[in-house]
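Using this note's numbering, the first residue of the sequence shown is number 20, and each one after it goes up by one. Quick reminder that beta carbons are idealized off the backbone N, C-alpha and C, glycines included.
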Amino acid sequence: MRFEPLTKAQVEEWTTYHEEQGEKPDPNNLYFMDKIVGGVVPTEYIPSVEQGFRDATVKGAKYGFQCIDMQVTLFDGKYHDVDSSQDAFKLAAMECTRDAMLKAGIVLLEPIMNVVVHAPGQYMGDLIGDISKRRGEILNAELDKGRCMIHAYVPLASLFGYISDLNSATSGTASFSMEPSHYAPVKEELADLRQAS
20 MRFEPLTKAQ VEEWTTYHEE QGEKPDPNNL YFMDKIVGGV VPTEYIPSVE QGFRDATVKG
80 AKYGFQCIDM QVTLFDGKYH DVDSSQDAFK LAAMECTRDA MLKAGIVLLE PIMNVVVHAP
140 GQYMGDLIGD ISKRRGEILN AELDKGRCMI HAYVPLASLF GYISDLNSAT SGTASFSMEP
200 SHYAPVKEEL ADLRQAS
């Protein structure tokens, strides 16, 4: 099996392909391709190989979190008339996937939120500073008619308690909204790995 991380453009290609086929794209962008030729892996075992790959990605090999944005291609294999079974191929695919993850290296990702803050203009500098302390990336900051609007990407982990901090800093005159945007790499020392067991 060959494992490849998917770029944003490749994810969009897979999404478009599935939509054109009238299918739903995989929510975690995990895609399996069968490139077996000559029957070296019998057709009846291919779904078991895919299932083994998918099962192994539910809890990654190192951290125990769901894997995303990966493409796997089954291109070779062997079978035995007596010892081969669907379970054997599924387990082999699971072990192969875990082994590939450990050898290739795993990038730990965290959810990034798309945040928009509205507040009186006098608080703009303080709010931008606070977002920066929260590892946020300022995308846009505007001042209009005494009000400011700040648009930023902020890690979800840095937003716990933000509403009360925002209310304290602006005497309750600010508001904010957030929605999931994307995932981005995070340093291991900043991650909460307690659930990764």
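Could you name the residues of the same chain whose beta carbon sits closer than 6 Å to that of residue 90, not counting the 5 residues immediately before and after it, in chain order?
-> Here the set comprises 23, 25, 50.
Cα separation between residue 143 and residue 167?
-> In this model, residue 143 and residue 167 are separated by some 6 Å (Cα to Cα).
At least one CB of chain C closer than 9 Å to the CB of residue 92: is that the case?
-> Of the chains in the structure shown, none is chain C; there is only one protein chain.
Residue environment, residue 67, which counts as buried when at least 16 other CB atoms sit within 10 Å | So residue 67 ends up on the buried side.
Backbone secondary structure at residue 44 - three-state DSSP | Here residue 44 sits in coil by DSSP.
From this set, 177, 179, 138, 202, which residue's C-alpha is nearest residue 9's C-alpha?
-> The requested residue 9 is not part of the displayed model; the chain covers only 20 to 216.
Buried or exposed for residue 83, please, with buried defined as at least 16 other CB atoms from any protein chain shown within 10 angstroms of its CB.
-> So residue 83 ends up on the exposed side.
Among 148, 156, 141, which one has its Cα closest to the Cα of residue 162?
-> From the listed residues 148, 156, 141, the smallest Cα separation to residue 162 is found for 141.
Would you mind working out which of 69, 88, 133 sits nearest residue 109, comparing C-alpha positions?
-> Among 69, 88, 133, the Cα nearest to that of residue 109 belongs to 69.
Run of the beta strand (DSSP E) containing residue 200, from where it starts to where it stops | Element bounds for residue 200: 194 to 204.
Spatial neighbours of residue 216 within its chain, please: CB distance less than 8 Å, with the 5 preceding and 5 following residues excluded, ordered by chain position.
-> Annotation note: pLDDT 46 at residue 216 (below 50); position unreliable, no value reported.
Segment limits, beta strand (DSSP E) that includes residue 77 = DSSP places residue 77 outside any beta strand (DSSP E); the residue lies instead in the alpha helix (DSSP H), whose first and last residues are 65 to 77.
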